Each structure stands twice: as structure tokens, then as C-alpha cells.
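Enquirer: Chains A and B supply the protein sequences, listed in that same order. Heads up, the first sequence is in our numbering, so the first residue is 1 and it goes up one at a time. Heads up, the second sequence is in our numbering, so the first residue is 1001 and it goes up one at a time.
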Amino acid sequence: MIHSHIAHFYALAAPDFVLGPTSNPEERNILGLVAKVGLEIGSEVIKHRAYAQDIQNVIGGKATHPVFCLPGGISKPVTKEEQKDFEEKARSEVEFAQFSLKLFNDLVLGNQEYLDLITGDIYTMKSYYMGLVDGNNRINFYEGDVRVIDEDGNETSRFKPDEYLDYIAEHTEPWSYLKSPFLKKVGWKGMVEGKDSGIYRVNSLARLNVADGMATPLAQAEYEKMYDTLGGKPVHSTLAFHWARLIEILYAAEHLLELSQDSEITSPEVRTIPSATPDEGVGIIEAPRGTLIHHYQTDDKGIVQKVNLIVATGHNYPAMNISIKKVAEKVIDKGKEVSEGLLNMVEMAFRAYDPCFGCATHTLPGQMPLELTIHDSKGEAIQTISRH
Amino acid sequence: MPEKTLKKNMVMKTLVLGLGNPILSDDGVGFYVAEELKNRLDGLDVSIEQASTGGLSILDLLAGYDKAIIIDAVKTGRAKAGQVGRLKPEAFSATLHASSPHDLNFVTALELGRKLGMALPEEIDIVTVEVEDVTTFSEKCTPKVEKAKHIAVNTVMQELDR
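1. For a test of the three-state rule: what should DSSP assign to A/D196, helix, strand or coil?
2. Counting only beta-carbon separations shorter than 8 angstroms, does A/L257 have a partner in chain B?
3. Are the C-beta atoms of A/V396 and some chain B residue less than 8 angstroms apart?
4. Any idea what DSSP makes of A/Q261, helix, strand or coil?
5. How big is the Cα-Cα spacing for A/N209 and A/E248?
6. Taking beta-carbon pairs under 8 angstroms, can you tell me which members of the stretch 30-41 of chain A lie near chain B?
7. Give me the chain B residues within the contact set of A/R49, using Cβ-Cβ distance strictly less than 7 angstroms, ordered along the chain.
8. Is DSSP giving A/Q83 helix, strand or coil here?
9. Go to A/N308, then tell me how far its beta strand (DSSP E) extends in each direction, as first and last residue.
10. For A/F9, which three-state DSSP category applies?
11. Within 10 angstroms of the Cβ of A/G314, are there 16 or more other Cβ atoms? Answer buried if so, exposed if not.
12. Under 8 angstroms between C-beta atoms, does A/T415 make it to chain B?
13. Would you say B/E1111 faces chain A, with C-beta separation under 8 angstroms as the test?
14. Taking all protein chains shown into account, do 16 or more other C-beta atoms lie within 10 angstroms of the C-beta of B/G1064, making it buried, or fewer, making it exposed?
15. For a test of the three-state rule: what should DSSP assign to A/E113, helix, strand or coil?
16. Any C-beta of chain A within less than 7 angstroms: which residues of the stretch 1120-1141 of chain B qualify?
17. Following a CB-centred definition, is B/T1128 positioned closer than 7 angstroms to any heavy atom of the ligand NAD?
18. Quick one: which chain A residues come within Cβ less than 9 angstroms of B/S1047?
19. From the DSSP output, read off the bridge partner residues of A/Q297.
20. Our contact map puts B/T1142 next to B/G1085 with C-beta atoms below 8 angstroms; I'd like the distance itself, whole angstroms only.
21. Check the C-beta distance from A/A97 over to A/L256 and give it rounded, since I have them as a contact under 8 angstroms.
22. So which residues of chain B does A/Q53 contact, with C-beta pairs closer than 8 angstroms?
23. Along chain B, in chain order, which residues have C-beta atoms closer than 8 angstroms to that of A/I46?
24. Any idea what DSSP makes of A/H236, helix, strand or coil?
25. Can you tell me the Cα-Cα spacing of B/T1136 and B/S1057, whole angstroms?
26. Let me know the secondary structure DSSP gives A/G32 once reduced to three states.
27. Taking A/S4 as the reference, which of A/Q305, A/K326, A/A50 and A/V148 has the closest Cα?
28. Less than 8 angstroms between CB atoms is the rule here; does A/A328 satisfy it with respect to chain B?
29. Just curious, the beta strand (DSSP E) that B/K1067 is in, first and last residue?
30. For B/T1108 and chain A, any beta-carbon pair shorter than 8 angstroms?
31. List, in order along the chain, the chain B residues whose C-beta lies closer than 9 angstroms to that of A/S377?
Below is the structure:
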């Protein structure tokens, strides 16, 4: 959670705010950001992202795609030396998360133009929200119940992982290889927002919206500040996903510090070898980009026969379509030149969801598959702009 | 391995990095070439890594080395499948194995790392293999790319020998 959120905020989100949404694209990137805020901050970004990766690497054998999972547990315990290192890094991560929120406060919230952009209509979408919560309705990334709220903040569903098929269904469109999940009880009403549409959102802001609070004190204070500033719960501003992401870095860092101080993490008891043949299992966690569902069914030999995955980007896919359409309709006018800056404003709508479309599978000379086609009132395509 | 390479690699920390997705047919070619190089470079002071990553994560892998040779699949459509080439990072204005909406492209990540004073290799060479199929789930390359693997291995050996 920590390394992913740090990379997304500083490399992809912050340039839009620190440099400006319509600023020169040659500078509107992490290099421009570093030039503006200073090399020292850039070094801290790289350092703290790497700290989080180091911890994953030590625990999981690899930072990305860990290799330590075995049936019934994991392959090796954490040593006392590793625990000490984790604790030092966790303290540093807490400080860095606080610094990042201060930077956001000074550079984004301190700029009325940006605050208006966050709270304005073009980046606002009313939807249901989904995320994991613990028994006290606090955010939990690893276990608990899946809670769903409506646009007014009322809880409409609460379910255990193995009940997910009673609550979530998937719609297919002939023009897309991605399915569109929706709330079964509300139903699929097309790519439309609002309470009558079963479209829901996951990821950082959704997690904060469904929770009654954060499970750590510093993050709780920031949670309260966000909702006070943005007018109470739930917040529907798509750009507020970035703010929520920073609060989640702080929560994750505080929780990391708690765990690093727990003597239980160096216990050698890391695996209970299963004695029964598995038949079916559903696991739900909160990945950086939102709720992640894995469902496996096996035969009588325990060999997997059927798998169903609903990943975070999938949950958010219908909402991304609506968010993009909404911005495009607002910023593109007849006779008005569609500049790169306006195109970037459309892109900001989907970037807020931090989508992951098969990110590790591209080959040279891969390019961002973003193309904007402008149609006239008769549906004729009059201009196409691609971003490479 | 010629003696000169041995001497050179004693003073230079060198990384050979195979990139790709080993379950997506030809996209795994960089991965497989790195695997074959493990035997060829056994006993030499050259690190070999395989990764399915891009952007900032590549910086973590490159840090601390003086020289790096990256092997990756390319699909330009301008060459025959299996054609092996050599490139420098500067050749890419767009991206290298990470055109992801949630990570940096390789060139930007490299420039950032250098600006921030990270200990990144001064010399980076990229060995490319033009590929055909990067969408079929398979742990084998297509025949033309399969045949090109040993050429890519030899190209890396030549790069190490320069």
C-alpha cells in the first residue's frame, strides 16, 4: 500500500496540482515536480518508496510478486534483526506520510483554484462505495466485512467474503474486454451515476467513505480534517481519491510501526500444514487500488478447476467511464480548441482511480493507450487526439 | 569468456537484466535469455536478474551497478520476428516495458534517478528481440523468437566483452 500510493501520488497525481492541470506537458511530470519542490524531496520520495519495497522483499522474497506463500502459511519467519530494521523504516514512513500531507495542504489545499477543482461539479460523481471494515467499522486492508454505502452514506449491504456472489454481478458490453461489476440488489441501469444505478466505487476514497474512521490516531485526525474541509461524508469528488490516498499512507505507516513492535511477528510458527483437501475458498483484501476478490474451486484432488477474480480496477471500470465522460462533456465545447491541457483534465478523471490495465505485459514500443475522439452533434468523428 | 572481459568485470559491477512476462509467450524472451546466460556467465562477477517490472521498480534493480545490459521484447512491426537489436535508453522517447497509467516510463525513471544522485549505471545497453505474440498464455516463445534466443545470448556476451 505504502510504495504504491507514494509512487502514484508523487509520480502521477502531484504534477497536475503542483505544476497545474494545463501546464506545459514537458514539465508536468515528476521531473518538473522535483524541479519545483526540490531535489531533497525527490530523494525522500525515492527513499521511502524503496523502504516499503525493502520490507516486502525481506518478508516475501520479492518486493513485487512475493514468493513466500505456501499452503497453510508462509516459508520463513521474520528475524529479530529484520524486525528492528522494519521498526526504524516504519518510523521514517510515518514522518514522511505526515510531510506528504503537509505538502498537499500547502500546495493543493492552499490554492483556491485547485480546491475549487476538487470540489467542483466536473470531477464529482455520486455513487455507491465499497470497502473492508473491521468490527468497529474502521478501515482494514486485510480482513473483516465488506461494507457498502449509498450516496447519502447509509449502509446498504454488509457481507462476508464467501457471500460476494449474492451482492455483486457483472455486466458485459460488446465494446469492452472488461466486465462492469454492479450491485446485484440495485441492478444494472447502464453507465449512469446515482442511487438507482448499481455502479459503485472502490479504492482510497471509497474505503474512507465506508469506514466510520481510521484505526490509528494520526490518520484519524487527517480523516476528520478531510471530511471537515470537503463538507462531510461521503465525499463524491473523484480528485479526493488523491487526498484519501495520502491519509492511507499515514494509516499504513502507523500500522506498520505497530506491527513492527509486536513480538508475535518474529514467531517461528509461520505455517500449519493443511491436512484436508481444499474444495472452495474466497478471499477478499483491500489492494492499493481497491477491493480484491479471489474465488477458487477445486476437484477432489485439490486441483483448481475454477477461478473467479474481481480486481480493483474492474470494480471501478464503470465509474471511470462516467467520470471521463463527465469531464469531457464539460471541457469540450463546439468551436473551442481541444488543447493538450484539456485532454489532461480528462485524463485526470481516470488517473484518480490509479487504474491497472495489465501493467506488466506491455512490450516496446508500448504507449499509453489513450485516444480521445470528438464527435459532432450528428455523431460524426471530427477530431482524434492521442497521448503517447 | 575472453580474458579482457574477465579483467573488465573485476573492476566494473555489471548487471544483466532480463525483462518480460514469462507466461505470455514471446513477452518472456528477455526472461529466458537471462536464464540461459546464467550458465554462460557462471563463475564471473556479473549479476543476472529476471524481472516482470518497469518504471521506478527498475531503478531499485539498477542501483549500485556500473554497467547494465537489459534484454527485452520489442514489437515495432518494422522488423522480422526474431530479429535481435541493440539500443540505448536515450532512443526511447515514449516508454520501455512500462506504458502503465500508474508508473513512470523507463527513461523518465532513469532521468529522475540520475537527477536525485542515485548510483545508477553510467552505461546501459538494451538488447532487443522483435517478437510476434505477446498475448497468448504460454511459457514458450513462438518458433522464430525461440530460434533468436541464442543470438540474443551471444549479443549480450559481445556487449559484456566490449
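No residue lacks a Cβ here, since even glycine has one placed at the ideal position from N, Cα and C. None of these values were measured; they are calculated from a predicted model.
Expert: The answer reads as follows:
1. coil
2. no
3. The shown model of chain A, from 1 to 388, leaves out residue 396 of chain A, and the question about it has no answer.
4. coil
5. 12 angstroms
6. I30, L31, V34 and L39
7. L1056
8. helix
9. V304 to I310
10. helix
11. buried
12. As shown, chain A starts at 1 and ends at 388. That puts residue 415 of chain A outside it, with no answer to give.
13. yes
14. exposed
15. helix
16. T1128, V1131 and V1134
17. Among the ligands in the structure shown, none appear at all, so the ligand NAD cannot be discussed.
18. The premise fails here: B/S1047 is roughly 15 angstroms from chain A at the closest Cβ pair, so nothing lies under 9 angstroms.
19. A/E280 and A/K306
20. About 18 angstroms separates the two Cβ atoms, so there is no contact after all.
21. Incorrect: roughly 10 angstroms between the Cβ atoms, too far for contact.
22. S1057 and D1060
23. L1056, L1059, L1112, G1113, L1116 and M1118
24. coil
25. 25 angstroms
26. helix
27. A/A50
28. no
29. K1067 to V1074
30. yes
31. Going along chain B, no residue has its Cβ under 9 angstroms from A/S377, so there is no contact; the nearest lies around 31 angstroms.
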